[in-house]
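Comments concern the structure below.
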Amino acid sequence: MAAPDGSRVYVTNHGSDSVTVIDTASQAVVGTIPVGVFPAGIAISRDGARLYVANTGSDTVTVIETDGNRPTGSTKVGDAPLGVSVTPGGRVHVANTGSNTVSVLGPTGKPLEVVKVGRMPEGSAAAPDDSFAYVTNTGSGTVSVIDAENGETAAPFTVGAAPEGVAVTS
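Position in the sequence shown (first residue = 1) + 194 = this note's numbering.
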């Protein structure tokens, strides 16, 4: 995951429970940040101030302040979180593969709500206009659409078998 200004790249390290920070100007590792168990999905706020890491093994999301690369807290979410995305307005959507839910967090990681989706949600992407979050449901071959403001879901779209990744254009 790259910072919005392109100055840093952040890499989750599933086997060492950390995030590596790479400076793009020097092409050098400039830091390692401890996070929860088996970090997987990662997303950054639009302003680049916060990084959100889904920790599959500890059922948490770690919030990292990018100025100083320090964790500010960890929030318990559903079982086996994988995909994570951030809307322009700052809502964080975490796809919880083991509980068939999406945890919605505020910008500081405060839990706001839990939304039921299809089986085995994995990927998450936010619309650039702050309207919707899209979540792939690998176990049901669908994509759930979550209203980013009120958490309501529309009927899911049927897509190909075992969808994982999802991206939204601006």
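Every residue gets a Cβ at the ideal spot worked out from N, C-alpha and C, and that includes glycine.
So residue i is in the beta strand (DSSP E); what residue range does that whole segment cover?
| i | result |
| --- | --- |
| Glu358 | Neither: Glu358 is in no beta strand (DSSP E) and is coded neither H nor E. |
| Asn249 | 244-249 |
| Pro233 | 233-238 |
| Arg202 | 202-207 |
| Glu259 | 254-259 |
Name the DSSP beta bridge partners of residue i, please?
| i | result |
| --- | --- |
| Val329 | Ser318, Ser338 |
| Asn290 | Pro275, Thr295 |
| Val222 | Residue 222 is actually Ala in this sequence, not Val. According to DSSP, Ala222 bridges with Asp217. |
| Val308 | Ser297 |
| Pro265 | Ile258 |
| Ala196 | Val203 |
Taking 8 Å as the cut-off, decide whether the C-beta atoms of residue i and residue j are in contact.
| i | j | result |
| --- | --- | --- |
| Thr365 | Ser338 | With the chain represented from 195 up to 364, any question about residue 365 goes unanswered, as that position is not in the structure. |
| Val280 | Ile236 | no |
| Val278 | Ala248 | yes |
How would you call residue i, buried or exposed, if buried means at least 16 neighbouring beta carbons within 10 angstroms?
| i | result |
| --- | --- |
| His287 | buried |
| Val329 | buried |
| Ala196 | exposed |
| Arg244 | buried |
| Leu306 | exposed |
Exercise. Flag this pair as touching only if the segment 265-275 and the segment 288-307 have three or more C-beta atom pairs under 8 Å; answer yes or no.
Key: For the pair of segments examined, the segment 265-275 was found to touch the segment 288-307: the number of CB pairs separated by less than 8 Å reaches three.
Quiz item: Do three or more CB pairs link the segment 221-230 to the segment 243-259 at distances below 8 Å?
Solution: Verdict: yes, contact present.
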